[in-house]
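What follows is a short report on a single structure.
Number of protein chains: 2
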Amino acid sequence: METRIEKIKQQLQSQGYKLTPQREATVRVLLENEQDHLSAEDVFMLVKDKAPEIGLATVYRTLELLSELHVLEKMNFGDGVARYDLRDDNSRHHHHHLICVQCGAVDEIMEDWLGPFEERLEQEFYFQVLDHRLDFQGICYRCSDRGKPDSLNKSH
Amino acid sequence: METRIEKIKQQLQSQGYKLTPQREATVRVLLENEQDHLSAEDVFMLVKDKAPEIGLATVYRTLELLSELHVLEKMNFGDGVARYDLRDDNSRHHHHHLICVQCGAVDEIMEDWLGPFEERLEQEFYFQVLDHRLDFQGICYRCSDRGKPDSLNKSH
DNA sequence: TTCCCTGCAAAGGTTTTGCAATTAA
DNA sequence: TTAATTGCAAAACCTTTGCAGGGAA
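Chains A and B, in that order, give the protein sequences. Residues in the first sequence are numbered from 1 upward in steps of one, following our numbering. Residues in the second sequence are numbered from 1001 upward in steps of one, following our numbering.
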């Protein structure tokens, strides 16, 4: 945790930005809720416990800045608000998502299934892939009363 | 074209809705720009030629209604506006998209690459797949000065 | 000092809603 | 007839921006 904050601090400083108390509080909220795909409003509510004086605009600016630094992934699941996801700094692409249409849960699959297709895209479609996004909508294990599958614990 | 409108008319009527002139004009615009992923504003501009008196709210309401009937797919590519895509009524899932980060073009891949993964999801992740979404971001053939690949003409 | 950063309030852009009038079935 | 539908304007939302004050190097 601390080392991850330290790393983010360095990323900020290397671009001339500062890790202010507000930014640090925001990052901590994101780290503590890493699985959750929080919206800006969600982050704002949570970060107010740590830094009650913070303004919503600051949260938006921080999330925007961290997205530009590729610390975060800004995402849109179609419910009208942007959501943010901490990025594994070693993985080139984002995770795949399992979105439950019943309870709204979003689980992540940490494997990358798309490598072979990206090769095909370059060769057959003349398309140079920089990133991808793969989401599945359906019914999650909670809503069909099955235990948590091992597969979802693999990488976290 | 006419038979597709007739079919949509029947879908509407079976749920107690009417195919008004405004709705028909909107559907025609969507059919004529099937490859284009139009925003509500785009549709509004185009539909005004056919029905100049139409209001933007009516376009929004029509798009929302058609999405509920699964005639359209409401989609969000992250630029702050919803975009709409006619749905093949015989295909269970949406298309895959190639989104160019340079010129903004969105091409479609008509094949479904994900069947084998969906089986894995049900078995290993206890996730019952209803739909999916696969988008690639990168540089399209136009922006890298290559001809249009045959692969993009396959199914249309 | 100097530049970055903040909170607040105002503005921006997209989408939804209330309402009285109109219209398709 | 009558329930659905429309256009307009206002409202609701999420997000961004302008600005004056504050703070770290």
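Just so you know, even glycine gets a beta-carbon here, dropped at the ideal spot from N, CA and C. No experiment lies behind these values; they were computed from the predicted model shown.
Neighbouring residues, chain B, relative to residue i (Cβ below 7 Å)
i	result
N76 (chain A)	N1076 and G1078
Y126 (chain A)	Y1141, S1144, R1146 and P1149
Close Cβ partners of residue i (< 7 Å) along its chain, the five nearest in sequence each way excluded
i	result
S155 (chain A)	At S155 (chain A) the pLDDT is 49, less than 50, meaning the model places this residue with poor confidence and gives no usable figure here.
E1118 (chain B)	V1129
A51 (chain A)	P21, Q22 and A25
E68 (chain A)	none
M1001 (chain B)	L1031
K1148 (chain B)	Y1141
N153 (chain A)	none
V47 (chain A)	A25, T26, V29, I54 and V59
D1145 (chain B)	none
D1112 (chain B)	H1093
H1070 (chain B)	R1087
C1143 (chain B)	C1100, Q1102 and C1103
Test item: CB-CB of residue i and residue j under 9 Å
i	j	result
V106 (chain A)	L66 (chain A)	no
F1044 (chain B)	Y141 (chain A)	no
Q10 (chain A)	T58 (chain A)	no
L1038 (chain B)	I1005 (chain B)	no
E1034 (chain B)	L1072 (chain B)	no
H132 (chain A)	F1125 (chain B)	no
H1093 (chain B)	L1114 (chain B)	yes
H97 (chain A)	L134 (chain A)	yes
K1074 (chain B)	G78 (chain A)	yes
D49 (chain A)	D42 (chain A)	no
Y1060 (chain B)	A1040 (chain B)	yes
Within chain A, partners of residue i - CB distance below 9 Å
i	result
C1103 (chain B)	Within 9 Å Cβ-Cβ: nothing; C1103 (chain B) doesn't reach chain A, min ~12 Å.
L1098 (chain B)	L121, F125, F127 and V129
Host alpha helix (DSSP H) of residue i (start-end)
i	result
G115 (chain A)	G115 to E124
M1045 (chain B)	A1040 to K1050
I1109 (chain B)	Unbroken run through I1109 (chain B) is the beta strand (DSSP E), V1106 to I1109; no alpha helix (DSSP H).
Y1060 (chain B)	L1056 to E1068
L1086 (chain B)	Per DSSP, L1086 (chain B) belongs to no alpha helix (DSSP H); it is in the beta strand (DSSP E), A1082 to L1086.
Q10 (chain A)	E2 to S14
Beta-carbon proximity list for residue i, same chain, < 8 Å, skipping 5 on both sides
i	result
N76 (chain A)	A82 and R83
Q1013 (chain B)	L1019
S1101 (chain B)	Note that residue 1101 (chain B) corresponds to Val in the displayed sequence, not to Ser. Taken in chain order, the residues that qualify are Q1137, G1138 and I1139.
Unbroken beta strand (DSSP E) run spanning residue i, endpoints
i	result
R133 (chain A)	Q128 to I139
R28 (chain A)	Not the beta strand (DSSP E): R28 (chain A) falls in the alpha helix (DSSP H), residues P21 to E32.
E1073 (chain B)	L1072 to N1076
L1098 (chain B)	H1096 to C1100
Residues near residue i by beta carbon distance below 6 Å, same chain, minus five either side
i	result
T62 (chain A)	R23 and T26
L121 (chain A)	F127 and V129
Q: Anything in the segment 1130-1153 of chain B with a Cβ closer than 7 Å to a Cβ of chain A? List those residues in chain order, please.
A: L1130, D1131, H1132, R1133, L1134, D1135, F1136, Q1137, G1138, I1139, C1140, Y1141, S1144, R1146, P1149, S1151 and L1152
Q) Looking at chain A, which residues of the segment 1108-1119 of chain B have a Cβ within less than 9 Å of any of its Cβ atoms? A) I1109, W1113, L1114, F1117 and E1118
Q.
What are the residues in the segment 25-57 of chain A lying within 7 Å of chain B by C-beta distance?
A. none
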